[in-house]
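First the structure, in the form of structure tokens, and then the observations on it.
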Amino acid sequence: MFPERFSNLPAYAFPRLRSLLDAHAPGGEVLHMTIGEPTHPFPDWVGDVVAEHAHEFGRYPANEGTIELRQAICDWTQRRYGVTLEPERHVMALNGTREGLYNAMMALCPEEKAGGRPVVLLPNPFYQVYMVAALSVGAEPVLLPATPETGHLPDFAAVPEAVLERTAVVYLCSPSNPQGAVASASYWRDLIGLAERHDFQVFADECYSEIYRGTPPAGALDVAHAMGADPERVAIFHSLSKRSNLPGLRSGFVAAGPQSMARIKQLRNYAGAPLPLPLQRVAERVWADEAHVEDNRRLYAEKYALADSILGDVPGYVSPEAGFFLWLPVEDGEAAALKLWQETGVRVLPGAYLSREVAGHNPGQGFIRVALVAPKDEMARGLGALRDCLYA
1 MFPERFSNLP AYAFPRLRSL LDAHAPGGEV LHMTIGEPTH PFPDWVGDVV
51 AEHAHEFGRY PANEGTIELR QAICDWTQRR YGVTLEPERH VMALNGTREG
101 LYNAMMALCP EEKAGGRPVV LLPNPFYQVY MVAALSVGAE PVLLPATPET
151 GHLPDFAAVP EAVLERTAVV YLCSPSNPQG AVASASYWRD LIGLAERHDF
201 QVFADECYSE IYRGTPPAGA LDVAHAMGAD PERVAIFHSL SKRSNLPGLR
251 SGFVAAGPQS MARIKQLRNY AGAPLPLPLQ RVAERVWADE AHVEDNRRLY
301 AEKYALADSI LGDVPGYVSP EAGFFLWLPV EDGEAAALKL WQETGVRVLP
351 GAYLSREVAG HNPGQGFIRV ALVAPKDEMA RGLGALRDCL YA
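For what it's worth, full-length UniProt numbering labels the leading residue of the sequence shown as 1, then goes sequentially.
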């Protein structure tokens, strides 16, 4: 029987979208601007590396990742954040970061906190795996609004002390999905300081960290290190899906303190699915290469500029700091998505599908999420159609 604690989960976003749109004919050439699946080219040598190591499909892969891959990840964190990690103690390769974001909760969340059911704090809107992970361990998910009024990031200072005392884990995505907001170094310091005082862990979902305009986003790891925080205080999660346009590679990593990593690795021994060895060899090379990442950022910078030129005078439009989504204000997200589909054939995602109603209010209700992943000419057509349909 499906556990009772899962009975109140909202339907997943994309089945909901199909139910909303697919009974209606598109009003023009279909253009998908819903899912964040990168379409920029990945390095052209990826296939060569797979072919070179194809014989390793005949071997069981290293459970925590090859030592070469983990060293490549440690070298990258040193270059990116100036923090030295040890491949044997601090890092594990992931079969996509969704696995890590879920299993870290299974491995690290205590059964109780302050004598009661532990609390997991989540931004609202949020990546759905956060809530499912919290419910899987019997924790209480507490949703914090991430709205224009809070800078599209949760206001942790507003959380009551009694809730903070019961908090075991905080999930935070920066740059955020869907809004593209970036947590500053001071924001991370305040959150990590709160975690130190109330003894909870911070799970930093930083999958969009390499898609930005201007200054590289601060990371939880380097801020925690500079503060001298407990090494177990923060776990970070990164991916090659967005950074390197390789969502099908399913390669990411988690880095954390040695005690946390020992528990995460132990769970992986029983419940994990390590990446096949030829794909780990690709990941080794990809983490070591920055040229394709710089080119990727250049292409997204062109798309930011294009979006600004088409939508810049729309009331409430906010050009994203990072990531590759637009979070566009509308009166009602579902009605706007249906109208856009029926009149233009452009598919976007209602913001309410990424958030949840709390105290009678869903913070995503008045938004749509638009992915800037299509080729530039298609994106221009889609954004122009969107503007004419919803904002004329």
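A virtual CB, placed ideally from N, CA and C, is assigned to each residue, including glycine.
Quick caveat: nothing in here was measured; it's all calculated off a predicted structure.
At what residue ranges does the stretch 305-383 contain a whole run of the alpha helix (DSSP H), taking only runs of 4 or more? 333-344
Report yes if the C-beta distance between A307 and L383 is below 8 Å; otherwise report no. Taking the first residue of the sequence shown as position 1, residue 307 is located at position 307. Taking the first residue of the sequence shown as position 1, residue 383 is located at position 383. It is a contact, given that the beta carbons lie within the stated cut-off.
Please report how far the alpha carbon of L386 lies from the alpha carbon of A204, in whole angstroms. Counting from 1 along the sequence shown, the entry for residue 386 is found at position 386. Counting from 1 along the sequence shown, the entry for residue 204 is found at position 204. L386 and A204: Cα-Cα distance of roughly 33 Å.
What three-state label does DSSP hand L143 in the structure shown? Working through the sequence shown from its first residue, we reach residue 143 at position 143. DSSP places L143 in strand when its eight states are reduced to three.
Close beta carbons around G360, own chain, < 7 Å, minus the five adjacent residues each side: Looking up residue 360 in the sequence shown gives position 360. Nothing listed; no residue qualifies.
My guess is that P278 and H53 are in contact by the Cβ rule of under 8 Å, so how many angstroms apart are they, rounded? Within the sequence shown, residue 278 is the residue found at index 278, counting from 1. Within the sequence shown, residue 53 is the residue found at index 53, counting from 1. P278 to H53, Cβ: 4 Å. Contact.
Contact the stretch 203-219 vs the stretch 236-245: 3+ CB pairs below 8 Å: yes
Give the C-beta separation of T371 and I35 to the nearest angstrom, bearing in mind that I take them to be a contact with Cβ-Cβ under 8 Å. Looking up residue 371 in the sequence shown gives position 371. Looking up residue 35 in the sequence shown gives position 35. Per the sequence shown, the amino acid found at residue 371 is Ala instead of Thr. With 8 Å as the limit, A371 and I35 qualify as a contact, their Cβ atoms being about 6 Å apart.
My output table needs one value for G178: the three-state DSSP class, helix, strand or coil. The sequence position of residue 178 within the sequence shown is 178, counting from 1. In the sequence as displayed, the identity of residue 178 is Pro instead of Gly. Note: P178 maps to coil in three-state DSSP.
In this structure, how does DSSP classify Y127 when only helix, strand and coil are distinguished? Position 127 of the sequence shown, counted from the first residue, corresponds to residue 127. The answer is coil: DSSP assigns Y127 none of H, G, I, E or B.
CB-CB under 6 Å to N95, same chain, minus the five flanking residues each way: which ones, in chain order? On the sequence shown, position 95 is the one that residue 95 refers to. The residues are R250, A273 and L275.
Measure the CB-CB distance between A62 and G180 and report whether it falls below 8 Å. By 1-based counting over the sequence shown, the position of residue 62 is 62. By 1-based counting over the sequence shown, the position of residue 180 is 180. No, they are not a contact pair.
Integer Cβ distance of L172 from P231, believed to fall under 8 Å: Numbered from its first residue, the sequence shown carries residue 172 at position 172. Numbered from its first residue, the sequence shown carries residue 231 at position 231. Not a contact, Cβ separation roughly 18 Å.
What would DSSP say about R387, mapped onto helix, strand or coil? Taking the sequence shown and counting its residues from 1, the one referred to as residue 387 is at position 387. Reduced to three states, the DSSP call for R387 is helix.
Whether A139 touches V119 by CB criterion (8 Å): Residue mapping note: residue 139 aligns to position 139 of the sequence shown, counting from 1. Residue mapping note: residue 119 aligns to position 119 of the sequence shown, counting from 1. Taking 8 Å as the Cβ cut-off, A139 and V119 qualify as a contacting pair.
What does the Cβ neighbour count give for I368, buried or exposed, with the cut at 16 atoms within 10 Å? Position 368 of the sequence shown, counted from the start, is the residue given in the question as residue 368. Burial call: buried.
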